[in-house]
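Scroll down for the structure; my scribbles are underneath it.
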Amino acid sequence: EADIYQTPRYLVIGTGKKITLECSQTMGHDKMYWYQQDPGMELHLIHYSYGVNSTEKGDLSSESTVSRIRTEHFPLTLESARPSHTSQYLCASKWDGEDSPLHFGNGTRLTVT
Amino acid sequence: AQSVTQLDSHVSVSEGTPVLLRCNYSSSYSPSLFWYVQHPNKGLQLLLKYTSAATLVKGINGFEAEFKKSETSFHLTKPSAHMSDAAEYFCVVSDQSDGNKLVFGAGTILRVKS
Chain C
1 EADIYQTPRY
11 LVIGTGKKIT
21 LECSQTMGHD
31 KMYWYQQDPG
41 MELHLIHYSY
51 GVNSTEKGDL
61 SSESTVSRIR
71 TEHFPLTLES
81 ARPSHTSQYL
91 CASKWDGEDS
101 PLHFGNGTRL
111 TVT
Chain Y
1001 AQSVTQLDSH
1011 VSVSEGTPVL
1021 LRCNYSSSYS
1031 PSLFWYVQHP
1041 NKGLQLLLKY
1051 TSAATLVKGI
1061 NGFEAEFKKS
1071 ETSFHLTKPS
1081 AHMSDAAEYF
1091 CVVSDQSDGN
1101 KLVFGAGTIL
1111 RVKS
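Going down the list, the protein sequences come from chains C and Y. Take the first sequence: its letter number 58 is residue 58 in the working numbering, and every next letter is one higher. Each number in the working numbering corresponds to the 1-based position in the second sequence with 1000 added.
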């Protein structure tokens, strides 16, 4: 059973709208991540955070922004959605340490029309 | 930088036959390695992880993987495929410069025929 929750699961929205994808975890993990995944493709890291008030851009350039005001909450925001933002967005978290695995939410599938 | 190569983008097996999903990594040290499974419209679930304790790692649902340093491989196997194993599988390695960042392979889609 997932201890990391993403809402909404599916979102269809028009071009130019501002959207926020929610991600919350109840495990007390310091490390949190956002990945972007196109159908049948690998995961690309777009943002990560190693603690409150700490955020970094990932390996894939993204027009989205994130915030980390509380340990358990790591929302992702798109100020002006475009069709090129259509994708699946996966949130994950973990304990510190390279042998600590990632725990994933079920994802948000975003379609921008 | 670390990299992960999953040698097959698609693998098709019959139900009840063995599964082999191949993964090679590049690293100048012994990293942590993971296999994840993703069923349609779901997030990723951890199958197993290698963290230098034992080279043969057993995971959930009958899967196991063997770490071979000389071959820089971490292949995933299962003796007998089940229909419910049909999914996408990702091999993952910890990044050498930042162990809290993980590098994902491109994924292998496993199809199980009845």
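Idealized CB from N, CA, C, for every residue including glycine. Note that this is a predicted model, so its numbers are computed, not measured.
Within chain Y, partners of residue i - CB distance below 9 angstroms
{"i": "C:F104", "result": "Y1036, Q1038, K1042, G1043, L1044, Q1045, L1046"}
Where residue i sits in the DSSP three-state scheme
{"i": "Y:G1062", "result": "helix"}
{"i": "Y:H1082", "result": "coil"}
{"i": "C:S64", "result": "coil"}
{"i": "C:H85", "result": "helix"}
{"i": "C:Q6", "result": "strand"}
{"i": "C:M32", "result": "strand"}
{"i": "Y:S1014", "result": "strand"}
{"i": "C:F74", "result": "coil"}
{"i": "C:E22", "result": "strand"}
{"i": "Y:S1052", "result": "coil"}
{"i": "Y:T1077", "result": "strand"}
{"i": "C:G16", "result": "coil"}
Contacts of residue i in chain Y (Cβ-Cβ under 8 angstroms)
{"i": "C:G107", "result": "N1041, K1042, G1043"}
{"i": "C:L110", "result": "Within 8 angstroms Cβ-Cβ: nothing; C:L110 doesn't reach chain Y, min ~13 angstroms."}
Proximal residues of chain C, C-beta to C-beta of residue i below 7 angstroms
{"i": "Y:T1051", "result": "D99"}
{"i": "Y:S1032", "result": "E98, D99"}
Nearest neighbour of residue i, chosen from the options [CA to CA]
{"i": "Y:T1017", "options": "Y:K1078, Y:C1091, Y:V1037", "result": "Y:K1078"}
{"i": "Y:L1033", "options": "Y:Y1050, Y:L1102, Y:D1008", "result": "Y:Y1050"}
{"i": "C:S80", "options": "C:E56, C:Q25, C:R68, C:T113", "result": "C:T113"}
{"i": "Y:V1011", "options": "Y:F1090, Y:T1072, Y:K1068", "result": "Y:F1090"}
{"i": "Y:F1067", "options": "Y:C1023, Y:S1097, Y:D1008", "result": "Y:C1023"}
{"i": "C:T86", "options": "C:Y50, C:T108, C:G51", "result": "C:T108"}
{"i": "Y:S1028", "options": "Y:S1070, Y:S1080, Y:L1044, Y:A1054", "result": "Y:S1070"}
Proximal chain Y residues relative to residue i, where beta-carbon distance stays under 7 angstroms
{"i": "C:K134", "result": "Residue 134 of chain C lies beyond the residue range present for chain C, which begins at 1 and ends at 113; the question has no answer from this structure."}
{"i": "C:E42", "result": "F1104, G1105, A1106, G1107"}
Residue i: contacting residues in chain C (beta-carbon distance under 9 angstroms)
{"i": "Y:S1026", "result": "Neighbours of Y:S1026 on chain C: none; closest Cβ ~16 angstroms, over 9 angstroms."}
Where residue i meets chain C, residues with beta-carbon distance less than 8 angstroms
{"i": "Y:S1094", "result": "E98, D99"}
Please name the residues in the segment 1057-1091 of chain Y whose beta-carbon is closer than 8 angstroms to at least one beta-carbon of chain C, in chain order. Cβ contacts with chain C come from E1088, F1090.
Can you give me, in chain order, the residues of the segment 49-71 of chain C that have a beta carbon less than 9 angstroms from any beta carbon in chain Y? Residues Y50, G58, D59.
If we count Cβ pairs, one from each stretch, closer than 8 angstroms, do we get three or more for the segment 1069-1085 of chain Y versus the segment 1099-1113 of chain Y? Cβ pair count under 8 angstroms is three or more, so yes.
Contact residues within the segment 1103-1114 of chain Y, judged by C-beta distance below 8 angstroms to chain C: Taken in chain order, the members of the segment 1103-1114 of chain Y whose beta-carbon sits within less than 8 angstroms of a beta-carbon on chain C are F1104, G1105, A1106, G1107, I1109.
Residues from the segment 1011-1025 of chain Y in contact with chain C, defined by Cβ distance under 9 angstroms: When CB distances to chain C are screened at a threshold of 9 angstroms, not a single residue of the segment 1011-1025 of chain Y falls below it.
Under 8 angstroms (Cβ pairs) to chain Y, residues found in the segment 8-33 of chain C: Of all residues in the segment 8-33 of chain C, those with a C-beta nearer than 8 angstroms to a C-beta of chain Y are K31, reading in chain order.
For the 8 angstroms Cβ check, are there 3 or more pairs between the segment 31-50 of chain C and the segment 10-18 of chain C? Contact between the segment 31-50 of chain C and the segment 10-18 of chain C is absent, with fewer than three C-beta pairs closer than 8 angstroms.
Please identify, using Cβ separations under 7 angstroms, the residues of the segment 82-93 of chain C that lie next to chain Y, in order along the chain. Only L90 from the segment 82-93 of chain C bring a Cβ to less than 7 angstroms from some Cβ of chain Y.
Given 8 angstroms, three or more beta-carbon pairs between the segment 60-70 of chain C and the segment 42-51 of chain C: A contact is defined here as three or more CB-CB pairs under 8 angstroms, and the segment 60-70 of chain C meets this definition with respect to the segment 42-51 of chain C.
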